[in-house]
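Everything on this sheet refers to the single structure shown next.
Residue numbers (this note's numbering), protein chains in the order written: chain A, 1 to 385; chain B, 1001 to 1210.
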């Protein structure tokens, strides 16, 4: 490339850059083709894996097959196919995964209720179906469990509704009260809706509380949890806490071992979204108190501040935890997501791609009647051995 | 200073796949986790590579069959993943499975089911009627896709990934395991040939850019 390019040459080069990586001057012809062909794009449907994996094919497949035996092999394959199809239909109820199983509810203490029906202490576990609510009063507790998901303990004065239960997504709603969740399902499978945020399990155990006014808090004891509302995300790793407020969504998470002044700064910062002077004072307090371990909070503050305040957060964060290769000050100040993700991953608190995967696969609204798999997925499942 | 992961090692999530400790490519740790049976990791690989697989297949087989074949490719890849010795070769390895699956698709097709542009267009209309395009532009979209498919292998694949799947050149290189140079050259040359075909097929100018 020379510095004496004529304008048409420069224009051509810029348009070639557009074909390469979308930068430079957009080429109208390519843009038109992109628009025209967009309907052919992959739909990002979820992958449906078989319950049991088929064995890997032999490396020697085909090498020792005598061509003369092919007709016999074809007959054998046909017999096997008939046998397989017969077996499939006779075993169908066992091989097709359950799409809408009820969850088991057990009485731990007092008289928890499903709807208006009390669960006695001495009765066998009851079933909670999609749409039903379990509630506890001041002296009752219950547990909610599903074999492939985990266990949720429901504390006194709580209301929990089961919203969704399909193979890839289990969803409950916590209106008020406290739950302790111990989840062994894959990250992103278990979701809890609360009045002020959605909690997404990313492989963990945690306690979630919702107050009567809809505000809430989460405390993670193992793994990490994502807290999400209207595009605002907070990640809460083990040992950390985060509060959430109606309409404001999740606040800045922090480690419980942070200094009292740092925690006080976060509380003031989160509770004064409109008061810029109070927020500035709180931010200054946090930045002066921050330790390397508080990088968790500083990372979140980057996206909750603007202008000069974001630059201050960057400076303090970079001084405590130098940004990894590929992360620049300019990129972070512009909230470049890939750079933010790189920096997050360098903290060793969890791989953020797990979260991005959840974001891509999450349905925008919980469906109270999502127990049925789409027809195409059902047919795919039926094809599995 | 010590990495925060060391400071807080006791809090590391057991189910999270941590790519930051990996010294290889960005997806190496995911591939290793998937090799050891971690289905969530395989799900992430699917999320990252399904567009690439979709594009490779779309460059070769009728649109109406692509979604099912994408699933097939990943279901074929899963049990074989353990045999992949160099995890960094996963992108190219997966791309090869996709290309082989497309070849296999045509080999298994009956003679009278051969790739027929008109029936493909008709099928595609049935499966994915465009909500954004008029029937005229939908027909034009099929014509453009057919024109891309008529290009040599080396050109049609990157063009489909770029123009249909919306991937950038660097992404295509990373996902397919090809070098930046070859992807760039193939995109450039493929685009030149595509412009030529579309210009040749175009009826007398009607004001469109093509």
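Using N, Cα and C, we set each Cβ at its ideal position, and we do this for glycine too. Please read these numbers as outputs of a predicted model, since none were measured by experiment.
Inset, instruction - Could you tell me which uninterrupted beta strand (DSSP E) segments, each at least 3 residues in length, are contained entirely in the region 136-214 of chain A, listed from first to last along the chain? - result: If we require 3 residues or more, the beta strand (DSSP E) runs fully inside the region 136-214 of chain A come out as 141-146, 150-154, 159-166, 169-183, 190-193, 198-201, 205-210.
Legend entry - Interface partners of residue 360 of chain A on chain B, CB under 9 Å: Reading the first chain from its first residue, position 360 is the one you call residue 360 of chain A. Near residue 360 of chain A (Cβ distances below 9 Å), the residues of chain B are 1047.
Legend entry - chain C contact for residue 1106 of chain B (CB, 8 Å cutoff): Looking for chain C here will not work: the only protein chains present are A and B.
Legend entry - Within-8 Å CB hit, residue 192 of chain A to chain B: For the purposes of this step, residue 192 of chain A is identified with residue 192 of the first chain, where counting begins at 1. Cβ-Cβ to chain B under 8 Å: no for residue 192 of chain A.
Legend entry - Cα-Cα separation, residue 107 of chain A to residue 141 of chain A: Along the first chain, read from residue 1 onward, the residue named residue 107 of chain A stands at position 107. Along the first chain, read from residue 1 onward, the residue named residue 141 of chain A stands at position 141. Pairing residue 107 of chain A with residue 141 of chain A, the inter-Cα distance amounts to about 7 Å.
Inset, instruction - Using a Cβ-Cβ cut-off of 8 Å, state whether residue 1181 of chain B counts as contacting chain A. - result: Within the second chain, the letter at position 181 stands for residue 1181 of chain B. So, not an interface residue.
Inset, instruction - With DSSP collapsed to three states, give me the class of residue 1160 of chain B. - result: By 1-based counting over the second chain, the position of residue 1160 of chain B is 160. Note: residue 1160 of chain B maps to helix in three-state DSSP.
Inset, instruction - Could you name the residues of the region 1058-1069 of chain B whose beta carbon sits closer than 8 Å to any beta carbon of chain A, in the order they occur along the chain? - result: Within the region 1058-1069 of chain B, the residues whose Cβ lies closer than 8 Å to some Cβ of chain A are 1058, 1063, 1066, 1067, 1068, listed in chain order.
Legend entry - Same chain, Cβ closer than 8 Å to residue 252 of chain A, neighbours up to 5 away in sequence not counted: The sequence position of residue 252 of chain A within the first chain is 252, counting from 1. Cβ within range, chain order: 234, 242, 266, 269, 270, 297, 300, 301, 304.
Inset, instruction - Count the CB pairs spanning the region 1144-1162 of chain B and the region 1183-1196 of chain B that are closer than 8 Å, and state whether there are at least three. - result: yes
Legend entry - C-beta contact flag for residue 42 of chain A and residue 1051 of chain B at 8 Å: In the first chain, the residue the question calls residue 42 of chain A occupies position 42. In the second chain, the residue the question calls residue 1051 of chain B occupies position 51. Yes, Cβ-Cβ distance for residue 42 of chain A and residue 1051 of chain B is below 8 Å.
Inset, instruction - Enumerate in chain order the residues of its own chain whose CB-to-CB distance from residue 161 of chain A is below 6 Å, with the five nearest sequence positions on each side excluded. - result: The residue you call residue 161 of chain A lines up with position 161 of the first chain. Within the same chain, residue 161 of chain A has close Cβ partners 133, 173.
Inset, instruction - Taking only beta-carbon positions, decide if residue 1176 of chain B is within less than 8 Å of chain A. - result: Position 176 of the second chain holds residue 1176 of chain B. It does not: the Cβ of residue 1176 of chain B has no partner Cβ on chain A nearer than 8 Å.
Inset, instruction - Determine the burial state of residue 167 of chain A: buried for a count of at least 16 other Cβ atoms within 10 Å of its Cβ, exposed for fewer. - result: Here the question's residue 167 of chain A lines up with position 167 in the first chain. Residue environment: residue 167 of chain A is assigned as buried (16 or more neighbouring CB atoms within 10 Å of its CB, all protein chains considered).
Legend entry - Members of the region 1137-1148 of chain B that neighbour chain A once the beta carbon cut-off is set at 7 Å: Listed by position, the residues of the region 1137-1148 of chain B near chain A (Cβ gap below 7 Å) are 1137, 1140, 1141, 1144, 1145.
Legend entry - Span separating the alpha-carbon of residue 1084 of chain B from that of residue 112 of chain A: In the second chain, counting from the first residue as 1, residue 1084 of chain B sits at position 84. In the first chain, counting from the first residue as 1, residue 112 of chain A sits at position 112. Residue 1084 of chain B and residue 112 of chain A: Cα-Cα distance of roughly 52 Å.
Legend entry - Min CB distance residue 18 of chain A to chain B below 8 Å: If you number the first chain from 1, residue 18 of chain A lands on position 18. False, the Cβ-Cβ gap to chain B never drops below 8 Å.
Inset, instruction - Check whether the Cβ of residue 287 of chain A lies closer than 7 Å to any heavy atom of the ligand ZN, and answer yes or no. - result: The model on display carries no ligand, and the ligand ZN is accordingly not part of it.
Inset, instruction - Report buried or exposed for residue 1100 of chain B, applying the criterion of at least 16 other Cβ atoms within 10 angstroms of its Cβ. - result: Residue numbering aside, residue 1100 of chain B sits at position 100 when the second chain is read from its first letter. The residue in question, residue 1100 of chain B, is exposed, as its Cβ has fewer than 16 Cβ neighbours within 10 Å.
Inset, instruction - Grab me the residues of residue 1076 of chain B's own chain with a C-beta within less than 8 Å of its C-beta, minus the 5 sequence neighbours each way, in chain order. - result: On the second chain, position 76 is the one that residue 1076 of chain B refers to. These residues qualify, in order along the chain: 1097, 1101.
Inset, instruction - Pick helix, strand or coil for residue 225 of chain A, following the three-state DSSP scheme. - result: Indexing the first chain from 1 puts residue 225 of chain A at position 225. The answer is strand: DSSP assigns residue 225 of chain A an E or B state.
Inset, instruction - Compare the C-beta of residue 1288 of chain B with all C-beta atoms of chain A and state if any pair is closer than 8 Å. - result: Beyond the ends of chain B as shown, which are 1001 and 1210, falls residue 1288 of chain B; an answer cannot be given.
Legend entry - The alpha helix (DSSP H) enclosing residue 285 of chain A, as first and last residue numbers: Stepping through the first chain from its first residue, residue 285 of chain A is reached at position 285. Counting along the chain, the alpha helix (DSSP H) containing residue 285 of chain A begins and ends at 276-289.
Inset, instruction - With DSSP collapsed to three states, give me the class of residue 250 of chain A. - result: The residue given as residue 250 of chain A occupies position 250 in the first chain. Strand.
Inset, instruction - Within its chain, find whatever has a CB closer than 6 Å to the CB of residue 1074 of chain B; leave out the 5 residues flanking it on each side and keep chain order. - result: Here residue 1074 of chain B is taken as the residue at index 74 of the second chain, counted from 1. Excluding residues within five positions, the ones whose Cβ falls inside 6 Å are 1046.
Inset, instruction - Quick one: grab the DSSP three-state call for residue 265 of chain A. - result: To locate residue 265 of chain A, count along the first chain from 1; it is residue 265. Three-state result, residue 265 of chain A: helix.
Inset, instruction - Please check if any C-beta of chain B sits within less than 8 Å of the C-beta of residue 34 of chain A. - result: Position 34 of the first chain, counting from 1, holds the residue named residue 34 of chain A. True, the Cβ-Cβ gap to chain B drops below 8 Å.
Inset, instruction - Under 6 Å Cβ to Cβ from residue 1090 of chain B, same chain only, skipping five residues before and after it: list those, please. - result: Reading the second chain from its first residue, position 90 is the one you call residue 1090 of chain B. 1031.
Inset, instruction - Apply the 10 Å Cβ neighbour rule to residue 90 of chain A and answer buried if 16 or more other Cβ atoms are within range, or exposed otherwise. - result: If you number the first chain from 1, residue 90 of chain A lands on position 90. The pLDDT assigned to residue 90 of chain A is 45, lower than 50, so where the model puts this residue is not dependable; a value taken from the coordinates is nonetheless given after this. With fewer than 16 Cβ atoms within 10 Å of its Cβ, residue 90 of chain A is classed as exposed.
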